[in-house]
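K.L.:
Provided herewith is a single structure, encoded as structure tokens, for subsequent inquiry.
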Amino acid sequence: MWFLFGVVTLSLMVWVSFHIRRSGSWVGVQRRYESPDGAARTYMHAEQTHKGAKTGFQIGINVPVGFDFELRTESGFDQWGKSLGIGAEQSVGDSKFDAEVFIDSDDQRVGAALRQSREARTAVLYLFRMCREQDGKLKRIRAFKGRLWIDVNDKTGLPPWVIADKFSEALHALAEALTKESRSLARVSDPFRIKALLILGMSTGLAIFGLIGLFRARGSWLDLDTESMWVWTSMVGVMLCLVGAVLALRWLRASSRAHYVLAELLTVGMAGSILSVHALAAEFNRDFDLSAPTVYEGQPARVFSENYRCGKGGRSTCTRYDIVIEGTWPAAGREFSINEDTYHRLKRYQRVDVFLKPGLLGGRWISARSSRLGLNKIDCFGWISADQQIWSTCDVVSVWCGHSELDGLGYLPFAPNLQLVRRAARLYVG
22 MWFLFGVVTL
32 SLMVWVSFHI
42 RRSGSWVGVQ
52 RRYESPDGAA
62 RTYMHAEQTH
72 KGAKTGFQIG
82 INVPVGFDFE
92 LRTESGFDQW
102 GKSLGIGAEQ
112 SVGDSKFDAE
122 VFIDSDDQRV
132 GAALRQSREA
142 RTAVLYLFRM
152 CREQDGKLKR
162 IRAFKGRLWI
172 DVNDKTGLPP
182 WVIADKFSEA
192 LHALAEALTK
202 ESRSLARVSD
212 PFRIKALLIL
222 GMSTGLAIFG
232 LIGLFRARGS
242 WLDLDTESMW
252 VWTSMVGVML
262 CLVGAVLALR
272 WLRASSRAHY
282 VLAELLTVGM
292 AGSILSVHAL
302 AAEFNRDFDL
312 SAPTVYEGQP
322 ARVFSENYRC
332 GKGGRSTCTR
342 YDIVIEGTWP
352 AAGREFSINE
362 DTYHRLKRYQ
372 RVDVFLKPGL
382 LGGRWISARS
392 SRLGLNKIDC
402 FGWISADQQI
412 WSTCDVVSVW
422 CGHSELDGLG
432 YLPFAPNLQL
442 VRRAARLYVG
């Protein structure tokens, strides 16, 4: 289970890293044009579609400085993070710019360059204004791995070349200003992404680990009182999640993106923490329970199967196997799921012995179940006398030996499926 947790966490981190790199390596068509001052310019453009309908476009240029940032409109979610005091958005001291643009980056060179360069701020505001004038919406201005581009939502697709060239001019002006100002600024590493990937990978791995434990508990007939442990395991899971969130925010320190991590921890991480604590508590309750079991002998058992449609589009047929154990034991009449092999073994018996333990944490569980001697005809009953004479209510019967599936009691000393003639009419009383 823990190996699976590690695999899931590592796989998620690799997938997110791949997705981030892939988003910055979009492919477009190159266009050359001449700027108003006579300089030769180039840019890449790509049109975005969904199911044949135009949804927007991208226009980007190459830049000599490897910035990593995102400029976009501040959302309500960003404002929520700032209201909690966990965000640390960079400001440039320009009220109009700060009110309209959210700097999504922890690279201090970005804020410093925008603060020192009026041309850079003007170019950014010009890009936002141009998109509104074209009835589009500028999703973001993105810089990553030596590229600077804009993502625009526009149902008309790529604008005319005159407008596209203006977008390119604004991007070149922004790139030149950032390059000029960054020469006097030392580059500082930004470990946020690696830290965030580790935290998000662990929280998502916990959620998957907990879900697997939940499905195992629902499909198992060992545990009787896992529901009673939900209250205190939920409280423990919530407390662990809150402690983890505080430690994660301290580790991330002040960041403009810390609220993303906090939101994930309070949703997926919270669910994963609660489910994982409950799954581990259920296993701990069984594995460390050294008490002697209470044995309920000869409890009537009934197994049955049910077919249902499954698979993609319901094209396949699957079978569900269940058992109901009646009698005087505490969970009499309760239905449990079993596998096919157990179903075929138990459907030949009418009675089982149930070994019930109280559980270390108070959750009762079935430590073993033992099938009683039975016959493969519903209206026949039989038993073995002290001298190993077999008695039954049928003239000819097929007899098999009962055995324990979990506690290792072994087989009775006679061959299964033995054909015998009736010696007397007696009733099996369990």
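For any residue, its number in our numbering is found by taking its place in the sequence shown, counting from 1, and adding 21.
Heads up, the beta-carbon is just placed ideally off N, CA and C, and yes, glycines get one too.
Return helix, strand or coil for ARG168, following the three-state DSSP convention.
P.N.:
By one-based count along the sequence shown, residue 168 stands at place 147. Reduced to three states, the DSSP call for ARG168 is strand.
K.L.:
Pick out whichever of ALA133, GLY77, HIS71, PHE149 has its Cα sitting closest to the Cα of GLY10.
P.N.:
This structure gives no information on residue 10, because the portion of the chain shown stretches from 22 to 451.
K.L.:
Per the contact definition of three or more C-beta pairs closer than 8 angstroms, is the segment 214 to 233 in contact with the segment 280 to 289?
P.N.:
Short answer: they touch.
K.L.:
I want to know whether the segment 171 to 178 touches the segment 225 to 233 - three or more CB-CB distances under 8 angstroms.
P.N.:
At 8 angstroms Cβ cutoff, the stretches do not touch.
K.L.:
Assuming ILE184 is part of the alpha helix (DSSP H), what are its boundary residues?
P.N.:
What you label residue 184 is simply residue 163 of the sequence shown in a count that begins at 1. It spans 182 to 203 - the alpha helix (DSSP H) in which ILE184 sits, taken as one unbroken run.
K.L.:
For ALA196, is the classification buried or exposed, using 16 other Cβ atoms within 10 angstroms of its Cβ as the cut-off for buried?
P.N.:
The count along the sequence shown starts at 1 and reaches residue 196 at position 175. Under this definition ALA196 is a buried residue.
K.L.:
In terms of residue numbering, what span does the alpha helix (DSSP H) encompassing SER297 cover?
P.N.:
To locate residue 297, count along the sequence shown from 1; it is residue 276. SER297 -> alpha helix (DSSP H) spans 291 to 308.
K.L.:
In whole angstroms, give me the CA-to-CA distance for TYR281 and ALA185.
P.N.:
To locate residue 281, count along the sequence shown from 1; it is residue 260. To locate residue 185, count along the sequence shown from 1; it is residue 164. TYR281 and ALA185: Cα-Cα distance of roughly 33 angstroms.
K.L.:
Check whether the Cβ atoms of ILE229 and GLY293 lie closer than 9 angstroms to each other.
P.N.:
Looking up residue 229 in the sequence shown gives position 208. Looking up residue 293 in the sequence shown gives position 272. Yes, these two residues count as a Cβ contact at 9 angstroms.
K.L.:
If you pair each beta-carbon of the segment 121 to 132 with each one of the segment 83 to 93, do three or more pairs fall below 8 angstroms?
P.N.:
Cβ pair count under 8 angstroms is three or more, so yes.
K.L.:
Looking only at C-alpha atoms, which of GLN51, ALA302, LEU273, TYR54 sits nearest to GLY380?
P.N.:
Within the sequence shown, residue 380 is the residue found at index 359, counting from 1. Among GLN51, ALA302, LEU273, TYR54, the Cα nearest to that of GLY380 is on ALA302.
K.L.:
Measuring alpha carbon to alpha carbon, tell me which of TYR317, THR225, HIS365, SER138 ends up nearest ILE346.
P.N.:
Position 325 of the sequence shown, counting from 1, holds the residue named residue 346. Checked all of TYR317, THR225, HIS365, SER138; the closest Cα to ILE346 is TYR317.
K.L.:
Look up ARG372 in the DSSP assignment and say whether it is helix, strand or coil.
P.N.:
Stepping through the sequence shown from its first residue, residue 372 is reached at position 351. If DSSP states are grouped into helix, strand and coil, ARG372 belongs with the strands.
K.L.:
Apart from the five residues just before and just after CYS339, which ones in its own chain have a Cβ nearer than 8 angstroms to its Cβ?
P.N.:
Along the sequence shown, one-based indexing puts residue 339 at 318. For CYS339, where only same-chain residues beyond five positions count, the Cβ hits under 8 angstroms are ASN328, TYR329, ARG330, CYS331, GLY332.
K.L.:
Strictly by DSSP, which residues pair up with SER337?
P.N.:
The residue labelled residue 337 in the question sits at position 316 within the sequence shown. Beta-bridge pairing links SER337 to CYS331.
K.L.:
Indicate whether LEU273 and LYS216 have their beta-carbon atoms separated by less than 9 angstroms.
P.N.:
In the sequence shown, counting from the first residue as 1, residue 273 sits at position 252. In the sequence shown, counting from the first residue as 1, residue 216 sits at position 195. Yes, the Cβ-Cβ distance between LEU273 and LYS216 is below 9 angstroms.
K.L.:
Over what stretch of residues does the beta strand (DSSP E) that includes VAL155 continue unbroken?
P.N.:
The residue labelled residue 155 in the question sits at position 134 within the sequence shown. For the sequence presented, residue 155 should be read as Gln rather than Val. Per DSSP, GLN155 belongs to no beta strand (DSSP E) and is neither H nor E.
K.L.:
Over what stretch of residues does the beta strand (DSSP E) that includes LEU92 continue unbroken?
P.N.:
Counted from its first residue, the sequence shown places residue 92 at position 71. Where LEU92 is concerned, the enclosing beta strand (DSSP E) stretches over 90 to 93.
K.L.:
Are any of the Cβ atoms in chain C nearer than 9 angstroms to that of GLU190?
P.N.:
In summary, chain C is missing from the structure at hand, where a single protein chain is found.
K.L.:
Span of the beta strand (DSSP E) holding GLY77?
P.N.:
As a working note, residue 77 is residue 56 in the sequence shown. Segment 74 to 83, the beta strand (DSSP E) holding GLY77.
K.L.:
Using a threshold of 9 angstroms, state whether the C-beta atoms of ILE295 and VAL259 are closer than that.
P.N.:
Here residue 295 refers to the residue found at position 274 of the sequence shown. Here residue 259 refers to the residue found at position 238 of the sequence shown. Yes, the Cβ-Cβ distance between ILE295 and VAL259 is below 9 angstroms.
K.L.:
Sort ASP156, GLY226, GLU202, MET151 by Cα distance to SER189 and report the nearest one.
P.N.:
Sequence index remark: in the sequence shown, residue 189 carries index 168 (1-based). Checking every option, the nearest Cα to that of SER189 belongs to MET151.
K.L.:
Grab me the residues of VAL50's own chain with a C-beta within less than 8 angstroms of its C-beta, minus the 5 sequence neighbours each way, in chain order.
P.N.:
Taking the sequence shown and counting its residues from 1, the one referred to as residue 50 is at position 29. MET65, HIS66, ALA67.
K.L.:
Using the C-alpha atoms, what's the distance from ARG323 back to ARG355?
P.N.:
Translated into positions along the sequence shown, residue 355 becomes position 334. Translated into positions along the sequence shown, residue 323 becomes position 302. Computed Cα separation, rounded: 11 angstroms.
K.L.:
Any idea what DSSP makes of ALA228, helix, strand or coil?
P.N.:
Along the sequence shown, one-based indexing puts residue 228 at 207. Helix at ALA228.
K.L.:
Give the DSSP-derived three-state secondary structure of ASP119 in the structure shown.
P.N.:
Position 98 of the sequence shown, counted from the first residue, corresponds to residue 119. Helix.
K.L.:
Let me know if HIS71 comes out buried or exposed under the rule of 16 or more other beta-carbons within 10 Å of its beta-carbon.
P.N.:
Residue numbering aside, residue 71 sits at position 50 when the sequence shown is read from its first letter. Flag for HIS71 reads exposed.
K.L.:
Who are PHE325's beta bridge partners in DSSP?
P.N.:
Locating residue 325 in the sequence shown gives position 304, counting from the first residue. Per DSSP, ASP343.
K.L.:
With DSSP run on the structure shown, which of helix, strand or coil describes LEU243?
P.N.:
Stepping through the sequence shown from its first residue, residue 243 is reached at position 222. The answer is coil: DSSP assigns LEU243 none of H, G, I, E or B.
K.L.:
With distances taken Cα to Cα, identify the nearest neighbour of ASP58 among HIS193, SER104, ARG369.
P.N.:
The residue given as residue 58 occupies position 37 in the sequence shown. It is HIS193.
K.L.:
Among PHE149, SER138, VAL183, SER249, which residue has its Cα nearest to the Cα of SER203?
P.N.:
The sequence position of residue 203 within the sequence shown is 182, counting from 1. Among PHE149, SER138, VAL183, SER249, the Cα nearest to that of SER203 belongs to SER138.
K.L.:
Around the Cβ of HIS365, are there at least 16 other Cβ atoms within 10 angstroms (buried) or fewer (exposed)?
P.N.:
The residue you call residue 365 lines up with position 344 of the sequence shown. Classification of HIS365: exposed, given that the 10 Å Cβ count is below 16.
K.L.:
Which whole-angstrom value is the C-beta distance of MET250 and LEU148, which I expect to be below 8 angstroms?
P.N.:
Taking the first residue of the sequence shown as position 1, residue 250 is located at position 229. Taking the first residue of the sequence shown as position 1, residue 148 is located at position 127. No, MET250 and LEU148 are not in contact; Cβ-Cβ is about 56 angstroms, not under 8 angstroms.
K.L.:
Would you mind sorting VAL375 into buried or exposed? The rule is 16 or more other CB atoms within 10 Å of its CB.
P.N.:
Along the sequence shown, read from residue 1 onward, the residue named residue 375 stands at position 354. By the neighbour-count rule (16 or more Cβ atoms within 10 Å), VAL375 is buried.
K.L.:
Can you tell me which of PHE309, THR363, LEU311, ASN306 puts its alpha carbon nearest to the alpha carbon of SER326?
P.N.:
For the purposes of this step, residue 326 is identified with residue 305 of the sequence shown, where counting begins at 1. Residue THR363 is the option with its Cα nearest to SER326.
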